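Sequence positions in the sequence shown follow the UniProt record's numbering and run 1 to 134.
From the three backbone atoms N, C-alpha and C, an ideal C-beta is built for every residue, glycine too.
Computed from a prediction, not measured in an experiment: that's the story for all the values here.
First comes the structure, then the notes that go with it.
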Amino acid sequence: MKKHLSHFQALTETMDGNGLSARLNTATENLSGGQRQALSFLMATEQRPDLLLLDEHTAALDPKTSAQLMTQTNQRVTEEKLTCLMITHHLDDALRYGNRLIVLDQGQIKYDVRDEEKAQLTKEKLLSFFDIIE
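Structure follows, in structure tokens:
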């Protein structure tokens, strides 16, 4: 671990704002939820996976920490040109991030939209896919 400390220090500093870089010698169970999520994300992206699967990776976080992790996730995915499949129930995040949006309903693809068409979507339109609003 000691020979890799400077690498891990630099890597965790990319996740600024959560204090993870100052807690490299702290046991994982003693990290905050946001720090654990950031650490998990860094570990998952360190080896540049062919597909990064994020299954509600901000679900248990407070709004501020969730927003920070989403910003950092977007930055790393964009900079590293990673293919990422993000599963979320946060409609704002679904609209804000990524270049493709697939809406599932009862396990079936109900809507699949990309690029410019996705950019035109609103939260109300997205909700209408689930027959929540008319």
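Item: Measuring CA to CA, which of 121, 80 and 108 is closest to residue 100?; Value: 121
Item: Name the one or two DSSP bridge partners that residue 100 has.; Value: 114
Item: Can you check which of these residues, 92, 129 and 123, is closest to residue 105 by C-alpha distance?; Value: 129
Item: What does the Cβ neighbour count give for residue 33, buried or exposed, with the cut at 16 atoms within 10 Å?; Value: exposed
Item: Can you have a look at residue 108 and say buried or exposed, based on whether 16 or more other CB atoms are within 10 angstroms of its CB?; Value: exposed
Item: Hey, residue 91 and residue 54: beta-carbon distance below 7 Å or not?; Value: no
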